[in-house]
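Asker: Numbering (my numbering), first residue to last: 521 to 917.
Next up is a structure, given as structure tokens.
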């Protein structure tokens, strides 16, 4: 996950600016930088008071299709037909290649349906980001009529994708339900994270819709398990295809794959034909954004910090608009993932060489401190932080 650097956000996200490893120097106090150590209590209170009656509004769309219909596909990798093994979406496992084949088959079925429904162009972005330096969706298996988006610079699949005027509709494939839903691989953005916009817990599908809703572009198609279908009652116009039922986060009861993929094709076809009946999701600013952390993530280290809006494992802030809210949430995700380290410590503690590992860590910790204070430590160049070095730019957010 790329580290977000958000100078100018300190007034809205003071905690992030002070604690996040990705924080960068912004303007000094008195010059727009705000207080880097404590939030404005009145701002927090005002943000709570300004919560709208509904988290967002639905708007009719008026597609201009004289020059064709261009559809963007954003795919994930947990909501695939024939998929019941969590290892199939994890890069590096023996099952991952079979997951890639399932992904290609589902995407190709949707591509075929979109063209059958009247689409003239289909472009695809990877919304999964398994850590593979190549796209999760193998280019050699992809329907040749579709084009994958690959760039020379990092980009965020959910918020940095093609010029808004070039896209008429969005379809999402292989998606999963949100944190707490009990679905197969249920999560939001990453493990142990629940995102809320104006008090409403959202799925990644709704996040995509809120992003593209800024430009009046609707999400018209989605596929995944039965739990995601329930999550998306907020978007009843979507052509939704259930490819499996999920009794738990690590098991699934799959439909016959040929039957499911036939439905993917048919659903995608209908989605394009019914484009004029779709709605877009729009959030008017200011936006109250919240992140609730559950294991393996945590925000409990915020307990007792003065001047911030934190309660019940949830940190909230007020942003000017949806993009600023998203960037702030991404930064807070980085902090919440510190909880993963406690699990790492448990694993290390169970190893016979735990003492040696922890001793080595202790030595490295002290040496890093000595190097920093002695002027010997050089920070990594931008783009070389942990987790960024292996990225190619095919759509990992």
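Idealized CB from N, CA, C, for every residue including glycine.
(1) In the DSSP output, what is residue 744 paired with across the bridge?
(2) Buried or exposed: where does residue 602 fall if 16 or more other Cβ atoms within 10 Å of its Cβ makes it buried?
(3) Going straight from the alpha carbon of residue 833 to that of residue 661, what length do you get?
(4) Please list the terminal residues of the continuous beta strand (DSSP E) segment that includes residue 697.
(5) Determine, using beta-carbon pairs with one atom in the segment 592-610 and one in the segment 741-756, whether at least three such pairs fall under 8 Å.
(6) Name the residue from 655, 737, 618 and 636 whose alpha carbon lies nearest to the alpha carbon of residue 579.
(7) Could you please give me the residues that DSSP links to residue 579 through a beta bridge?
(8) Between which two residues does the beta strand (DSSP E) holding residue 925 run?
(9) Closest to residue 659 by C-alpha separation, out of 803, 650 and 669, would be which residue?
(10) Could you say which of 619, 804, 848 and 624 lies nearest to residue 573 if we only look at CA atoms?
(11) Check this for me: beta carbons of residue 775 and residue 764, under 8 Å apart or not?
(12) Could you spell out the range, first to last residue, of the alpha helix (DSSP H) harbouring residue 819?
(13) Look at the alpha carbon of residue 880 and the alpha carbon of residue 873, and state the distance between them as a whole number of angstroms.
(14) Do the CB positions of residue 589 and residue 680 come within less than 8 Å of each other?
(15) Taking just the CA atoms, how far does residue 884 sit from residue 509?
(16) Assign residue 706 to one of two classes, buried (16 or more other C-beta atoms within 10 Å of its C-beta) or exposed (fewer than that).
(17) Who does residue 791 pair with in a DSSP beta bridge?
(18) Using beta-carbon positions only, say whether residue 637 and residue 789 come within less than 8 Å of one another.
(19) What are the residues that DSSP puts in a beta bridge with residue 644?
(20) What does a CB cutoff of less than 7 Å around residue 751 pick up in its chain, not counting 5 residues either side in sequence?
(21) Could you spell out the range, first to last residue, of the alpha helix (DSSP H) harbouring residue 616?
(22) Residue 594: which of 783, 625 and 645 sits nearest, CA to CA?
(23) Please classify residue 678 as buried or exposed, where buried requires at least 16 neighbouring CB atoms within 10 angstroms.
(24) Cβ atoms of residue 800 and residue 581: under 8 Å apart, would you say?
(25) Tell me which same chain residues have a C-beta within less than 8 Å of the C-beta of residue 719, skipping the five on either side of it?
(26) Report the residue from 781, 878, 802 and 769 whose alpha carbon sits nearest the alpha carbon of residue 755.
(27) Residue 690 and residue 728: beta carbons closer than 8 Å?
(28) Enumerate in chain order the residues of its own chain whose CB-to-CB distance from residue 814 is below 6 Å, with the five nearest sequence positions on each side excluded.
(29) Ordered along the chain, which non-local residues of its own chain (more than five positions away) have a Cβ less than 7 Å from that of residue 762?
(30) For residue 533, is the classification buried or exposed, using 16 other Cβ atoms within 10 angstroms of its Cβ as the cut-off for buried?
(31) Could you tell me the alpha carbon to alpha carbon distance between residue 864 and residue 768, rounded to whole angstroms?
Answerer: Judging by the given coordinates:
(1) Within the DSSP secondary-structure output, residue 744 pairs in a beta bridge with 762.
(2) Buried, by the Cβ-count rule.
(3) Those two C-alpha atoms are separated by around 43 Å.
(4) Counting along the chain, no beta strand (DSSP E) covers residue 697, and no H or E run does either.
(5) When C-beta atoms of the segment 592-610 are compared with those of the segment 741-756, three or more pairs fall below 8 Å, so the two segments count as touching.
(6) Ranking the options by Cα distance to residue 579, first place goes to 737.
(7) Answer is 800.
(8) With the chain running from 521 to 917 in the structure shown, residue 925 is simply not present.
(9) Of the listed residues, the one whose Cα sits closest to residue 659 is 669.
(10) When only C-alpha atoms are compared, the closest one is 804.
(11) Yes, the pair counts as a contact, with Cβ atoms nearer than the cut-off.
(12) Unbroken run through residue 819: none, as it is neither H nor E.
(13) If I take the Cα positions, the gap works out to 11 Å.
(14) No Cβ-Cβ contact shorter than 8 Å links residue 589 with residue 680.
(15) The structure shown does not extend to residue 509, since the chain is modelled only from 521 to 917, so the question has no answer here.
(16) Burial call: buried.
(17) Beta-bridge pairing links residue 791 to no other residue.
(18) With contacts defined as CB atoms closer than 8 Å, residue 637 and residue 789 qualify as a contacting pair.
(19) Partner(s): 593 and 668.
(20) For residue 751, where only same-chain residues beyond five positions count, the Cβ hits under 7 Å are 697, 698, 701 and 723.
(21) Taken as a continuous stretch (DSSP letters only), the alpha helix (DSSP H) holding residue 616 covers 616-637.
(22) Distances from the alpha-carbon of residue 594 to those of 783, 625 and 645 put 645 closest.
(23) Only buried fits residue 678, as 16 or more other CB atoms lie within 10 angstroms of its CB.
(24) In contact: residue 581 and residue 800 (Cβ atoms closer than 8 Å).
(25) Short of 8 Å from the beta carbon of residue 719, and not among the five residues preceding or following it, lie these beta carbons of its own chain, in chain order: 571, 575, 808 and 810.
(26) Taking only the C-alpha atoms, the option nearest residue 755 is 802.
(27) Cβ atoms of residue 690 and residue 728: closer than 8 Å.
(28) Same-chain partners within the cutoff: 712.
(29) Non-local beta-carbon contacts of residue 762 in its own chain, meaning distances under 7 Å to residues more than five positions away in sequence, involve 745, 746 and 749 in chain order.
(30) Residue confidence is low: residue 533 scores 41 on pLDDT, short of 50, so the model does not pin down where it sits. No coordinate-derived value is stated.
(31) Their backbone Cα atoms lie some 24 Å apart in a straight line.
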